[in-house]
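S.K.:
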Amino acid sequence: MKVIYLWLIRIISGLFQFRRKRNMTYFVSFDNNLDLIKAIAKKLPNKKRLTVFYDPSIEAAATDLAARGIRTIQFHNNLSFVFKYIPLVMTSRVLFCDNYYAFLGGLVHPKRLKIVQLWHANGAIKRFGWEDYATKNRSKAAKSRFQSVYNHFDDYVVASKAMGQVFQNSYHVSEDKVKLLGYPRSDRFLHTTWINRARSRVYRVAPELIGRRVIFYAPTYREGIDFKLPNGVIDALKSDPDAIVIIKLHPVLKKQEAKLRHFSSSSVRFYDQLPTADILTVTDTLVTDYSSVAFDFSLLKNAKTLIFFMFDLAAYEKAPGIQSDLIKYLPTEPVKTVQGLTKAIIENKTTDFTEFNANWNGYNDGEATKRVVARYCALIK
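Reading the sequence shown from the start, the letters are residues 0 to 380 in numbering that gives the first Met the number 0.
1. Just the C-alpha distance for HIS119 and LEU33, rounded to the nearest angstrom, thanks.
2. Tell me whether the beta-carbon of ALA242 lies closer than 8 Å to the beta-carbon of ILE209.
3. Taking contact to mean 3 or more Cβ pairs, one atom from each stretch, closer than 8 Å, check whether the stretch 163-183 and the stretch 191-200 are in contact.
4. Under a three-way DSSP split, which group does ASN260 fall into?
5. Skipping 5 residues on each side, what residues in its chain have a beta carbon closer than 7 Å to that of PRO44?
6. Residue range of the beta strand (DSSP E) that SER91 falls in?
7. Report back the beta-carbon spacing between PHE95 and LEU117 to the nearest angstrom; my notes put them in contact at under 8 Å.
8. Does the Cβ of ILE194 have 16 or more other Cβ atoms within 10 Å, making it buried, or fewer, making it exposed?
9. Once you ignore the five residues that flank PHE330 on each side, which residues in its own chain have a CB closer than 8 Å to its CB?
10. Any chance you could list the beta strand (DSSP E) runs of at least 3 consecutive residues sitting entirely within the stretch 171-231, in chain order?
11. Could you have a look at THR275 and say whether DSSP puts it in helix, strand or coil?
12. With distances taken between CB atoms, is the gap from THR336 to SER238 smaller than 8 Å?
13. Contact defined as beta carbons within less than 8 Å: I believe ARG111 pairs with LYS20. What is the distance between those atoms, to the nearest angstrom?
14. Could you please give the first and the last residue of the uninterrupted alpha helix (DSSP H) stretch that includes PHE296?
15. Could you tell me which whole alpha helix (DSSP H) segments of length 4 or greater appear in the stretch 50-102?
16. Need the endpoints of the alpha helix (DSSP H) that ILE3 sits in, please.
17. Taking DSSP's pairing of strands, which residues face LEU33 in a bridge?
18. Rounded to a whole number of angstroms, what is the C-alpha to C-alpha distance between VAL156 and ASN77?
19. Tell me the DSSP secondary structure of TYR328 in three-state form.
20. Secondary structure at THR350, three-state DSSP: helix, strand or coil?
21. Quick check on DSSP: helix, strand or coil for ALA158?
22. Note down, in chain order, each residue of its chain lying with its Cβ closer than 6 Å to the Cβ of LEU35, except the 5 sequence neighbours on either side.
23. To the nearest angstrom, how far is the alpha carbon of ALA61 from that of GLU332?
24. Three-state secondary structure (DSSP) at TYR270?
25. Tell me the residue span of the beta strand (DSSP E) that contains ASN22.
26. Using beta-carbon positions only, say whether MET162 and ALA123 come within less than 8 Å of one another.
27. Answer with buried or exposed for PRO218, where buried requires no fewer than 16 other C-beta atoms within 10 angstroms of its C-beta.
28. Helix, strand or coil for THR368 per DSSP?
29. Which one or two residues does DSSP pair with GLN116 in a beta bridge?
30. Out of curiosity, what's the CA-to-CA distance linking LYS46 and MET23?
31. Could you give the residue range of the alpha helix (DSSP H) that holds ALA413?
32. Between TRP118 and the ligand ATP, is the CB less than 7 Å from at least one heavy atom?
33. Tell me the DSSP secondary structure of ILE124 in three-state form.
34. In terms of residue numbering, what span does the beta strand (DSSP E) encompassing PHE308 cover?
35. Between the Cα of ASN363 and those of TYR328, SER323, LEU299, spot the shortest distance and give me the residue it belongs to.
36. Report buried or exposed for MET309, applying the criterion of at least 16 other Cβ atoms within 10 angstroms of its Cβ.
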């Protein structure tokens, strides 16, 4: 079925490949780059159109964009998309993506269609693409489809040479495709106005956090693994009696998070209504593992302590794996035991993010949105 689907996309996109390239299209699966999308919409000349294809999981974000006059269409990999919307896609001068989109493997790619990867995360700890150990077990046909998608991207927008190298290794693409512009999604963590508004949103929902040490536990998901915390982790997180612990698992782990709800108390909280980015602005101590949230947290002035609680590091190194030599670039030594986690929380040592940010956030200066908008809107005439 995948082969037939891509074959149909190639036929339809081929029929419409000579359509005038005058619009912009954005395929979005995460809601963390809305400010960039809005900035693009404002910058586009009259009679040029921005269309956003969005994942159903970010319906609220799409509603916000639609309220601002931006055309939004729910994205599904189906025949309706092929016959109804591929002709629209082929009017694009610039096509942005924030993730891997399989349909690109079948898309005819005219020279005047520039396809740009605006990744949904600011850095990478876990392996993906060709670096994911599971890829070697894929069929030859599957590997060919993957590389066809990777090759379709003309530009990879990144915030550091380190992340550029990750894409070169993970997607087998050339260095000239790497564009050191900074991540627009990271600008907000450097803008005082946004930070103050985010804190106000948090404190309206959770006034009990005011004046308290906030410990935010935000682990990533484990694909195909039933995520289970080692015994005693909640007690370890609560080891500072003056702190309030916020627990927020990856959206994929909602069922597992529900199992932790019985720990909810005056010192352990769950705030589903608050986005991770907002919570980070009131966080003193972030406890995470292989999540890219660490790269965001390190940009904030309120960031005091970063703890990497990697209790399953040995297993995770095998599947999906972690980036080569990444451990030595982490600003703190990974903690592998509950006892180590307790000790790190009680000690509450201030983390020095200088080297970490120099390596991963070098081009995140709060102006990335302006650079990206200027570069790609200039292509629309």
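No residue lacks a Cβ here, since even glycine has one placed at the ideal position from N, Cα and C.
M.R.: Reading from the atomic positions:
1. Each residue's alpha carbon lies about 11 Å from the other.
2. In this structure, the beta-carbon distance from ALA242 to ILE209 does not fall below 8 Å.
3. Contact between the stretch 163-183 and the stretch 191-200 is absent: fewer than three C-beta pairs spanning the two stretches fall below 8 Å.
4. First, the amino acid is wrong: residue 260 is Arg here, not Asn. In the three-state reduction of the DSSP assignment, ARG260 falls in the helix class, which pools H, G and I.
5. Cβ neighbours of PRO44 beyond the five flanking positions: ILE379.
6. Residues 91-96.
7. Contact flag correct, Cβ pair sits at about 5 Å.
8. It is buried - the Cβ of ILE194 has at least 16 other Cβ atoms within 10 Å.
9. Residue identity check: residue 330 is Pro in the sequence provided, not Phe. Taken in chain order, the residues that qualify are SER297, LEU305, THR350, ASP351, PHE352, GLU354, PHE355.
10. Listed in chain order, the complete beta strand (DSSP E) runs (minimum 3 residues) inside the stretch 171-231 are 177-179, 212-216.
11. If DSSP states are grouped into helix, strand and coil, THR275 belongs with the helices.
12. Taking 8 Å as the cut-off, the beta carbon of THR336 is found no closer than this to the beta carbon of SER238.
13. Confirmed, about 4 Å.
14. Annotation for PHE296: the continuous alpha helix (DSSP H) segment containing it runs 292-296.
15. Runs of the alpha helix (DSSP H) inside the stretch 50-102: 58-66, 85-88.
16. Run containing ILE3: 1-14, per the alpha helix (DSSP H) assignment.
17. Note: LEU33 sits in no beta bridge, so no partner.
18. In a straight line, the C-alpha of VAL156 is about 28 Å away from that of ASN77.
19. Helix.
20. If DSSP states are grouped into helix, strand and coil, THR350 belongs with coil.
21. Residue state, collapsed to three classes: coil.
22. These residues qualify, in order along the chain: PRO183, THR368.
23. So the two alpha carbons sit approximately 39 Å from each other.
24. Here TYR270 sits in coil by DSSP.
25. From DSSP, the beta strand (DSSP E) with ASN22 extends over 22-27.
26. When the beta-carbon positions are compared, MET162 and ALA123 come within less than 8 Å of each other.
27. Around the beta carbon of PRO218, 16 or more other beta carbons lie within 10 angstroms, which makes this residue buried.
28. Helix at THR368.
29. GLN116 pairs with CYS96, TYR155.
30. Cα to Cα, the separation comes out at about 11 Å.
31. Any answer about residue 413 is impossible in this case: the structure gives the chain only from 0 up to 380.
32. By its list of ligands, the structure shown contains no ligand whatsoever, and the ligand ATP lies outside what it can speak to.
33. Coil at ILE124, not helix or strand.
34. For PHE308, no beta strand (DSSP E) segment is defined, and its DSSP state is neither H nor E.
35. Comparing Cα-Cα distances from ASN363 to each of TYR328, SER323, LEU299, the minimum goes to LEU299.
36. By the neighbour-count criterion, in which 16 or more other beta carbons inside 10 Å mark a residue as buried, MET309 falls on the buried side.
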